[in-house]
Amino acid sequence: MSDLNEYMRPYSSFSPDSFPEFDSTFEPLDIKPLLFDISEPPECNNEKQNSSASPDTCLVCGAVTKCCHYDVPSCSGCKTFFRRTIVTEKYYVCKTKGKCNIRGKDRCRQCRFDQCILVGMNPAGIKLPENIELSKVIERIESRKRALTGNLETVDATNLPPSSSTTPEMSVVPAKMSSIKLPQVMEFRDVDFLLFVEMKVRQLRESNYFLDLNTECTLRSVIQSRTELSNAGCYALITEDQKETFEQFQRDHCLIVAGKKLPNHRRRHWLAVDIFLSIELAKTLPVFETLTLFDKEAFILNATLSTAILTKSYYSHEKKSDSVVYPDGFTPVWLFRHTKNELSKLENEVFIRCIQPITRIGLTKEEYVLIKAIIFCNPACNNISDAGQRLLEKESERYSKTLLRYMQSIHGAAKGASRYAQVISIMEAMAYFAERNKEFHLMKMLNYNKKKPSQKSVNHRVPDIKLLHDILES
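Following UniProt numbering, the numbering of the sequence shown begins with 1 at its first residue and continues without gaps.
Now the structure itself:
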């Protein structure tokens, strides 16, 4: 059991000089919707839709266009206007109380910006200056959208410019109904954003990025630091020849048995990595910036371990593995199967059974990112204020409704509701396996502390990372 600690012990810090692929002049990528093909020119990103028809009209001003910008068919002028308004953090006031004709020459900037919001322009596609946080921009957009749709029971589609997706039968459509036939406008905006953030998480997880958490690293310091996800493209991906094999594992195990120190160039503590990446993902959620610092800490402590378990389980399932396997090829069950014939019940639950609920229902990527957001926003959160709990309850309800609508859009009303129940059950399963991981951590600590000082070799040392202990012992 204690040998596992060596296989999860961090290795030496990552150095850009050690990887020729690393570009020191790299500028952090801005967040762009995953549904875009980012290889296409930014001036004309043609969105991949179910329909083969290309856009013909700017949904903001009605001008002719064949391009999509920020998820919406739009002209270059409206694209530039939306970006400039966000980047300069400008606020406008309409002199006619929202009754302007934005297609006229003397167009009101407030009404034009409101139209950009209503048709669904996505600020996540804008490369922001370092002093502007994406989460705050999204909150501004969402707040304005709520104000606009809250004051109007319906959106009059005749005020929208004509396009291939509007018909006379749709002259008046409820604002919050999914029947607005605009490509990727109101529907499933959260899915697009969560998919993109998860893409960044995966980039970091499967790269040569080294998580350098020192012994004094605290949850608060991680919360207050700039998200590492913006640097996801800075690191080279782990190549096949860098991945660990079972033969390599056996050689290293022989060194451990002989009391020798392992080469300090491969090991990383994968549970710590997944916990850290879960925190970084949580920091991108719009609700995060609305919480107080103390509520942010409670928010992280409540859900991060469950989402970290979900992460390792989902990506192991994606690799069609029946046990946990990490991006560098390391498979924890190698250790137990190498030293004994079978795993204990606890070891089996920590490294094998946690994958089975995901495999059983065939969890998709979209379902995975939504259930992860729902787990994070679970209002049944310990040590959080009443105000924070209300915020989480609102977000949890929003993500849950999005998941249900998404399921029903694919499977139909009845089957979609049934599928929704299956996906929601993953939440309870991950909470269960998070508790088993805490038990496993406690057992390792007890076994290590029972050893005599002469038996506590560096190979058997439990990683002394305060952040890790805080979450596993919460």
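Where a beta carbon is used, it is the ideal one built from N, C-alpha and C, also for glycine.
Item	Value
With 16 other Cβ atoms within 10 Å as the buried cut-off, status of F433	buried
P286 burial status per 10 Å Cβ neighbour count (16 or more: buried)	buried
Neighbour-count burial assignment, G388, 16 or more Cβ in a 10 Å radius	buried
Contained beta strand (DSSP E) runs [length at least 3] in the UniProt domain "Nuclear receptor" (55-128), N- to C-terminal order	none
Separation of G362 from K345, as counted between CA atoms	24 Å
S323: first and last residue of the uninterrupted alpha helix (DSSP H) it sits in	Careful: S323 lies outside any alpha helix (DSSP H) and carries neither H nor E.
Separation of L391 from I309, as counted between CA atoms	25 Å
Where the alpha helix (DSSP H) containing V201 begins and where it ends	189-205
Bounding residues of the alpha helix (DSSP H) (the contiguous stretch that carries N208)	It is not in any alpha helix (DSSP H) - N208 carries neither H nor E in the DSSP assignment.
contact_flag[the region 330-337, the region 400-420] where n(CB pairs < 8 Å) is 3 or more	no
Sequence-distant residues of the same chain with beta carbon closer than 7 Å to L467, five excluded per side	L213, C217, T218, L219, V222
N131 versus N447 - alpha carbon distance	47 Å
Span separating the alpha-carbon of E393 from that of P379	5 Å
DSSP state of L285 mapped onto helix, strand, coil	coil
Identified DSSP bridge partners for L237	S207
Buried or exposed (CB count within 10 angstroms, at least 16 for buried), L152	Residue confidence for L152 is low, a pLDDT of 44 falling below 50, so the modelled location carries little weight; the figure read from the coordinates is stated next. Exposed, by the Cβ-count rule.
Range of the contiguous alpha helix (DSSP H) that encloses H469	466-472
Euclidean distance between Cα positions of I465 and F81	47 Å
Contact set for D295: own chain, Cβ-Cβ below 7 Å, skip 5 residues either direction	I384, S385, G388
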